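Data block below; observations after.
Numbering (the UniProt record's numbering), first residue to last: 1 to 322.
What follows is the structure, encoded as structure tokens:
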């Protein structure tokens with residue numbers, strides 16, 4: 001692969017490509033053209049059914065197109081040219097990471113297998129610095145068993161598994177929806193840092209925009225009914241407190257700042273995390289709690305001495321009288 005810090009190609013160069021769902025005449029995407037540079041964080045916006053997931057799957061090589069062209073890092077991943085292995089960035093597919101919602105339905109992620117084993121199986125031991133940084137950002141315990149995790153905790157593990165190996169192009173399809181606002185904000189900051197420091201590119205489809213400020217993204221793309229209808233760089237979005245309406249569209253977009261509970265929610269959750277401490281602190285607290293349960297003092301057994309009358313009197317005293 002070309003040294004991506006010196007790569008002059010576009011991360012994504014799509015020209016008039018169209019996708020039709022198999023066995024139907026229904027367009028998933030129609031005449032889509034897109035040019036995204038390396039080192040950029042790009043938001044993908046649109047209602048359900050707009051084509052966001054289809055676009056990301058095509059860019060990830062999971063779905064083929066029959067019309068138009070797509071180049072990733074200047075290389076056409078759908079080309080069958082005999083000399084393709086000699087072309088610029090011909091190994092680009094090895095550096096593309098796609099994070100979609102299908103992972104949560106995989107039976108493997110609900111088995112009694114430790115998070116540590118899963119992370120190690122995809123390169124966690126090869127990239128220990130990235131692994132440890134992601135564990136800290138996503139706030140999970142490697143000793144957890146996948147069997148006992150909530151959907152949000154499983155999602156954290158999925159994201160870590162997808163990001164632990166160095167990538168150049170990251171395609172995210174709604175997978176942050178299960179994260180709390182603190183973890184999500186830390187993750188977005190980390191991904192923007194990757195874009196700046198390693199000149200990577202992110203395309204992030206989401207319905208949740210709380211906490212996404214100007215520092216998080218470089219471009220916002222509006223997809224509707226399979227077509228790109230709006231495409232703005234960050235510099236073209238102006239926040240204007242004097243606007244009478246909420247949004248004013250044009251060559252630039254003017255947006256009136258709105259009130260949000262996001263700062264309050266992040267403050268509360270930050271306080272909660274400070275109170276909890278690290279995952280090791282949490283383990284120590286749980287161990288102490290279990291120890292207290294197993295080593296009860298003499299007062300804990302005051303109703304377990306075989307005196308049924310004392311037990312009856314206790315429950316009578318706790319009942320409300322009508």
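Each residue gets a CB set at the ideal place from its N, CA and C atoms; glycine is no exception.
Note that the structure is predicted; figures quoted are calculated from it, not measured.
Cβ distance (whole Å) where residue i is taken to contact residue j below 8 angstroms
i: residue 97; j: residue 152; result: About 20 angstroms separates the two Cβ atoms, so there is no contact after all.
i: residue 134; j: residue 160; result: 4 angstroms
i: residue 64; j: residue 203; result: 19 angstroms between Cβ atoms; not a contact.
i: residue 73; j: residue 7; result: 7 angstroms
i: residue 38; j: residue 11; result: 5 angstroms
Contacts around residue i, its chain only, beta-carbon distance under 8 angstroms, and the 5 residues preceding and following it disregarded
i: residue 243; result: 254, 255 and 256
i: residue 20; result: 26, 27, 28 and 66
i: residue 180; result: 152 and 269
i: residue 298; result: Here the model assigns residue 298 a pLDDT of 49, short of 50, so the residue's position is not dependable, and the following value carries that caveat. None.
i: residue 147; result: 110, 111, 112 and 113
i: residue 211; result: 181, 184, 185, 188, 262 and 266
i: residue 143; result: 114, 115 and 116
i: residue 16; result: 31, 32, 33, 67, 68 and 69
i: residue 241; result: 256 and 257
Proximity of residue i and residue j at Cβ, strictly below 8 angstroms
i: residue 52; j: residue 44; result: yes
i: residue 338; j: residue 113; result: The question about residue 338 has no answer here: the residues shown for the chain are numbered 1 through 322.
i: residue 137; j: residue 186; result: yes
i: residue 173; j: residue 249; result: no
i: residue 218; j: residue 40; result: yes
i: residue 117; j: residue 156; result: no
i: residue 208; j: residue 34; result: no
i: residue 235; j: residue 216; result: no
i: residue 55; j: residue 275; result: no
i: residue 149; j: residue 95; result: no
i: residue 78; j: residue 92; result: no
Three-state secondary structure (DSSP) of residue i
i: residue 124; result: coil
i: residue 204; result: strand
i: residue 243; result: coil
i: residue 237; result: strand
i: residue 158; result: helix
i: residue 43; result: strand
i: residue 137; result: helix
i: residue 152; result: helix
i: residue 97; result: strand
i: residue 284; result: helix
i: residue 36; result: strand
i: residue 163; result: helix
i: residue 64; result: coil
i: residue 210; result: coil
i: residue 293; result: At residue 293, the pLDDT of 48 sits below 50, so the modelled position is not reliable; the number obtained from the coordinates is stated separately. DSSP places residue 293 in helix when its eight states are reduced to three.
i: residue 252; result: coil
i: residue 130; result: helix
Contacting residues, own chain, Cβ-Cβ under 6 angstroms from residue i (five flanking each side not counted)
i: residue 293; result: Here residue 293 scores only 48 on pLDDT, less than 50, and its place in the model is too uncertain to base an answer on.
i: residue 194; result: 200
i: residue 277; result: none
i: residue 130; result: 164
i: residue 231; result: 221
i: residue 139; result: 183
beta-carbon residue i near the ligand NAD non-hydrogen atom, thresh 7 angstroms
i: residue 123; result: This structure simply doesn't include the ligand NAD, nor any ligand for that matter.
Any C-beta of chain C under 8 angstroms from that of residue i
i: residue 269; result: Any reference to chain C falls outside this structure, which holds one protein chain only.
Own chain residues within Cβ distance below 7 angstroms of residue i, not counting five before or after
i: residue 177; result: 208
i: residue 190; result: 137
i: residue 30; result: 18, 226 and 227
i: residue 119; result: 131, 142, 160, 161 and 164
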